[in-house]
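Everything in the sequence shown is counted per this note's numbering, starting at 32 for the first residue and increasing by one.
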Amino acid sequence: DGYGIQMSPVNFSLNTLAEGMFTFGDLNITYDTEFLVNINPHPSGNLSNVLNQQMTGGSGALNVPLLFYTTQNGSFEVSTPTISYIEGAPNIALPPTPILQVNQLNSTTLELAWQNQSDFGDDLLQFMIYRVGQNQSLDLLNIYANSISNFTIDTNFLPGEQYDYYVRSVHQFGVTSNLSAPLSITVPYPLPQSYIPNVTAADHPEDLGGQVDISWSPGHPSVNVHHIYLSTVNFTSVEGLNTSTTTAASVFNTTLDVDSHGDYLLDGTPYFVAVVGVDQFGNYSYDVTAFGPVFTRNDTVLASSLDVSYVGFTSDENLSHVLLKKDGALNVIAHLHQNGSSIAGAEVALNILGDNDNYTVIETTNESGKAVFSISALTTLGPIEALGQMTLSVSYEGSQGGLIDRPLSPSYNQTSAFGVIDVSFTTVEPILLGENNSFSTVLIVNAQIPEQQVLLANMAVGWVANDGNGSEVSSGIGEVRGNEMELSGIGAFGGMLHIHLDTFTPYYYTQGMAVMIEFESAPDNGQNQTNTTDSNNTTNQTTFPDVTLPGTIDCGTATYAWEENSTDESITCTITNPNPFDVFLGFSWKVTPTTTPPLTFEAPFGVAAGVPPLTISAEASIQVEFSPVRNGPSDGLFPGIQGVGYVVYFSCSELGGANECDSMTTSTASTEGELVWTLAQQLEEPSDNTDTTKDGEDSASSSTTPVLVGIGVIIFVAALIGGVIFMRSRGDIDFDDDDDEDYYTEAMAAPEVRPGQKSLDLNASKSLDSLKAEGKELHEEAPEGIESSMLGSSADAFQFGATAEDAVAEEVAEEVAEETDDAEYPAEEEWAEEEAEEDDGISTDENGTEWWEDEEGVWWYREEGLEDWAVWED
Numbered sequence: 032d033g034y035g036i037q038m039s040p041v042n043f044s045l046n047t048l049a050e051g052m053f054t055f056g057d058l059n060i061t062y063d064t065e066f067l068v069n070i071n072p073h074p075s076g077n078l079s080n081v082l083n084q085q086m087t088g089g090s091g092a093l094n095v096p097l098l099f100y101t102t103q104n105g106s107f108e109v110s111t112p113t114i115s116y117i118e119g120a121p122n123i124a125l126p127p128t129p130i131l132q133v134n135q136l137n138s139t140t141l142e143l144a145w146q147n148q149s150d151f152g153d154d155l156l157q158f159m160i161y162r163v164g165q166n167q168s169l170d171l172l173n174i175y176a177n178s179i180s181n182f183t184i185d186t187n188f189l190p191g192e193q194y195d196y197y198v199r200s201v202h203q204f205g206v207t208s209n210l211s212a213p214l215s216i217t218v219p220y221p222l223p224q225s226y227i228p229n230v231t232a233a234d235h236p237e238d239l240g241g242q243v244d245i246s247w248s249p250g251h252p253s254v255n256v257h258h259i260y261l262s263t264v265n266f267t268s269v270e271g272l273n274t275s276t277t278t279a280a281s282v283f284n285t286t287l288d289v290d291s292h293g294d295y296l297l298d299g300t301p302y303f304v305a306v307v308g309v310d311q312f313g314n315y316s317y318d319v320t321a322f323g324p325v326f327t328r329n330d331t332v333l334a335s336s337l338d339v340s341y342v343g344f345t346s347d348e349n350l351s352h353v354l355l356k357k358d359g360a361l362n363v364i365a366h367l368h369q370n371g372s373s374i375a376g377a378e379v380a381l382n383i384l385g386d387n388d389n390y391t392v393i394e395t396t397n398e399s400g401k402a403v404f405s406i407s408a409l410t411t412l413g414p415i416e417a418l419g420q421m422t423l424s425v426s427y428e429g430s431q432g433g434l435i436d437r438p439l440s441p442s443y444n445q446t447s448a449f450g451v452i453d454v455s456f457t458t459v460e461p462i463l464l465g466e467n468n469s470f471s472t473v474l475i476v477n478a479q480i481p482e483q484q485v486l487l488a489n490m491a492v493g494w495v496a497n498d499g500n501g502s503e504v505s506s507g508i509g510e511v512r513g514n515e516m517e518l519s520g521i522g523a524f525g526g527m528l529h530i531h532l533d534t535f536t537p538y539y540y541t542q543g544m545a546v547m548i549e550f551e552s553a554p555d556n557g558q559n560q561t562n563t564t565d566s567n568n569t570t571n572q573t574t575f576p577d578v579t580l581p582g583t584i585d586c587g588t589a590t591y592a593w594e595e596n597s598t599d600e601s602i603t604c605t606i607t608n609p610n611p612f613d614v615f616l617g618f619s620w621k622v623t624p625t626t627t628p629p630l631t632f633e634a635p636f637g638v639a640a641g642v643p644p645l646t647i648s649a650e651a652s653i654q655v656e657f658s659p660v661r662n663g664p665s666d667g668l669f670p671g672i673q674g675v676g677y678v679v680y681f682s683c684s685e686l687g688g689a690n691e692c693d694s695m696t697t698s699t700a701s702t703e704g705e706l707v708w709t710l711a712q713q714l715e716e717p718s719d720n721t722d723t724t725k726d727g728e729d730s731a732s733s734s735t736t737p738v739l740v741g742i743g744v745i746i747f748v749a750a751l752i753g754g755v756i757f758m759r760s761r762g763d764i765d766f767d768d769d770d771d772e773d774y775y776t777e778a779m780a781a782p783e784v785r786p787g788q789k790s791l792d793l794n795a796s797k798s799l800d801s802l803k804a805e806g807k808e809l810h811e812e813a814p815e816g817i818e819s820s821m822l823g824s825s826a827d828a829f830q831f832g833a834t835a836e837d838a839v840a841e842e843v844a845e846e847v848a849e850e851t852d853d854a855e856y857p858a859e860e861e862w863a864e865e866e867a868e869e870d871d872g873i874s875t876d877e878n879g880t881e882w883w884e885d886e887e888g889v890w891w892y893r894e895e896g897l898e899d900w901a902v903w904e905d
């Protein structure tokens, strides 16, 4: 039983002779038993101390009542009881009751303390601690712990458990204090390690939207589970919030499609995320720092579109291409959108591509989704040719999107373009018609960019001549030669000459891609031409023109040497006024360069301030001169034909003081033209075939060489003059002035072309070596008109390579030869032959031109600085 008394069941055995059943009732059982009550080991309830407390001083008997409790009515008999006892305390004094207090309490440790030990006396043996769990009763026999100190430490519990603690003191002779008042405690949970580091969230990739990926790093080892919270508002506490999901402690990422309210996530809505670690007791902290905002989006790529308008330097509607030119503008407007919704802040690239050109310009779309490319001139991009077939394209590389914006696909737009040469046509209007309505007119064709003038070579254009009703009269093709194009055909009075450029492959451009020039009107019967008098003796005055006609300008040309210090001639122009009234002339250059060219011209009149105008009388002409000005070396130019454009303005002057110019519709006309000249080739420096002086050689020797050579030449000339005087004195015996005249007559009457001379190609140009390779040999007679003046008259024959001294010696030899035998002068002849062999038959005149005659009597010449020889023609 509860007191530790052991009991055993009693089994009854019954026997019967027949079948049946029996029932026990009012069964009385008598039995004997012995109860041994051991000595009370506990101070509480010690019989001796109890009895001692009931005694009083004196002698006598002490009745000790024995109380017995049974569960059922009955009787029992106690026989021969024996009671043992120990002596009680000599002085029974009740110790103080312990007063409990908590010194420390956490999830793992409880420290209880009470009064100091000295308060309990010297007979104190120990303290007994009792612990009673929740919903349990105190059992004094069940001592939880003992302590000899005035405190105890308990670690045998779990967080969240509740206990009542009791303490009493034990003294000698079994004296105990009263039980302390119970101290109830609840074991606290440990501080929650709920912090989870590195929480991040992002849109779930490659989905249709509405999902967010959340990840984090491991937290404290005490974390047993993760709580994930997702809300549309930022929060710092999870108190009152529902979890969107939970994961085990070993899982560090998840994907959510609902928030803490259970609602599905919406694309473009900001969300905030928090992850909380929960320990094994379900304990966690409410305080959090949410991550966000994070957005979900649909990752399907949206298609972008580019609508582009391209406008070149002209918006001529007659053209199917966008026209470009070097100094022309280009304007491009690109509208980037997605299904009509503008895309702002996107980079768009414009690419200009040609055979030798490749340029890219970047612009950013504005709030309207438009990128505007405005290029004032293509040359601002860099060196560009801009000729022929070209391509303009606008491209967008696409976008990966943003937190909210969906990805965008790349887009592209392209159009064909054509790089052209801008040309102008200038002629005299109207075109006059000749016999059978024939016409011939010359148009001046100029490239607006001077360096492109050479590209006009062989430029072909079609033309059609129409009558006044628009019917075709004749047509043809015109071709530019130099800077002129001559057209001739059959026209019609009052008709129009149409010149049209190719619009399919427009290498050349002029406004409208066509030029229209009027033919002259049909001749009238004399009305409004002269003053006439009718039968009433009334004078009909001439009608004053309503329009000023442009005049004609005819300029010559000139050739200028390459050298800057050359003497340059002016260019003369004849200007004709076709109007029946005086005109003022104004002048301007078509292009004013920012950098002064090496060669410019001074205009004799102009429109600038301080430059006086010129006046041409009615239907009269004047001549003006344009003076060249050297502004520097010719290094910036190219040899050959050059030109500079100009404009001459014809402004009506008063007619007899009537000031009728004010009533004209057009009182000023202009004529464009070009001054044309030729720049000669640059002369090459003569090469030095002699050995160069070695380093360290004495420079004095080279400086004295010209002196020695000069002295030798003087001595030689003096000796030669003496010989001539001597020879003449001997020749005077049989040679008189008549003979001299006969010799001169014979020399001048000598035939210019030898018999059997072949026809020559005057444009031939060959080197001396190639001429010799053909078998040609040196001849000693020079043609008339090409010898140098310093070598004698035209009647004198001379050898190429000879000097002035050689000419004198040769003249002496000829005079003496008439009276003496040639054998008397073998030395002079041998010297002349050796000199001719040394010089290889080449002579140089005072202008530096070399001359040579082949065995057929053909003279060849080579100008200074050139390598090839050319045939000479008188």
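For glycine and all other residues, C-beta sits at the position ideal for the given N, C-alpha and C.
- Here the alpha carbon of residue 57 sits roughly 24 angstroms from the alpha carbon of residue 109.
- When 202, 300, 541, 469 are compared, the shortest CA-CA separation from residue 504 is found for 469.
- Beta-bridge pairing by DSSP links residue 647 to 614.
- Just so you know, the alpha carbons of residue 447 and residue 508 end up roughly 28 angstroms apart.
- Cβ contact annotation for residue 474 (same chain, cutoff 6 angstroms, sequence separation greater than five): 456, 458, 516, in chain order.
- Residue 479 counts as buried, since at least 16 other C-beta atoms from the protein chains shown sit within 10 angstroms of its C-beta.
- Taking a contact as a CB-CB distance under 8 angstroms, the pair residue 452 and residue 540 counts as one, their CB atoms being some 7 angstroms apart.
- Bounds of the beta strand (DSSP E) holding residue 527 are 527-531.
- Here residue 406 is bridged, per DSSP, to 361.
- Counting C-beta pairs closer than 8 angstroms gives three or more between the region 672-687 and the region 705-712, which meets the contact rule.
- Per the C-alpha coordinates, the member of 224, 139, 248, 352 positioned closest to residue 231 is 248.
- The alpha carbon of residue 423 has as its nearest neighbour, out of 59, 434, 435, 409, the alpha carbon of 409.
- Taking residue 246 as reference, the option from 228, 48, 445 with the minimal CA-CA separation is 228.
- By the neighbour-count criterion, in which 16 or more other beta carbons inside 10 Å mark a residue as buried, residue 878 falls on the exposed side.
- The C-alpha of residue 370 is placed about 17 angstroms away from the C-alpha of residue 431.
- Cβ-Cβ separation between residue 388 and residue 417: approximately 6 angstroms, consistent with a contact (criterion under 8 angstroms).
- The DSSP-derived three-state label of residue 311 is coil.
- Taking every protein chain shown into account, the CB of residue 633 has fewer than 16 other CB atoms within 10 angstroms, so this residue is exposed.
- Under DSSP, residue 474 takes part in a beta bridge, and its partners are 516.
- Counting along the chain, the unbroken beta strand (DSSP E) around residue 630 starts and ends at 630-633.
- With contacts defined as CB atoms closer than 8 angstroms, residue 136 and residue 216 qualify as a contacting pair.
- Here DSSP, grouped into helix, strand and coil, assigns residue 542 to helix.
- In the three-state DSSP reduction, residue 324 falls in the strand class (E or B).
- If you draw a straight line from the Cα of residue 611 to the Cα of residue 645, it is about 17 angstroms long.
- The criterion of a C-beta distance shorter than 8 angstroms is satisfied by residue 462 and residue 528.
- In terms of CA proximity to residue 121, 202 leads the group 52, 872, 202.
- Per the C-alpha coordinates, the member of 872, 576, 101, 362 positioned closest to residue 684 is 576.
- With at least 16 other beta carbons inside 10 angstroms of its own, residue 257 counts as buried.
- Judged by their CB atoms, residue 700 and residue 583 are not nearer to each other than the 8 angstroms cut-off.
- Taking a 10 Å sphere around the C-beta of residue 55, we find fewer than 16 other C-beta atoms and assign the residue as exposed.
- Contact between residue 208 and residue 127 holds: their C-beta atoms lie close to 6 angstroms from each other, under 8 angstroms.
- An exposed status is given to residue 41, since fewer than 16 other beta-carbon atoms sit within 10 Å of its beta-carbon.
- The distance from the Cβ of residue 198 to that of residue 138 is about 23 angstroms, inconsistent with a contact at the 8 angstroms cut-off.
- Every beta strand (DSSP E) stretch that sits fully inside the region 175-261 and reaches 3 residues is listed by chain position as 176-178, 182-185, 193-202, 214-217, 231-234, 243-246.
- With a 10 Å radius around the Cβ and a threshold of 16 neighbouring Cβ atoms, residue 259 comes out buried.
- Nearest to residue 377 by C-alpha distance, out of 146, 365, 59, 542, is 365.
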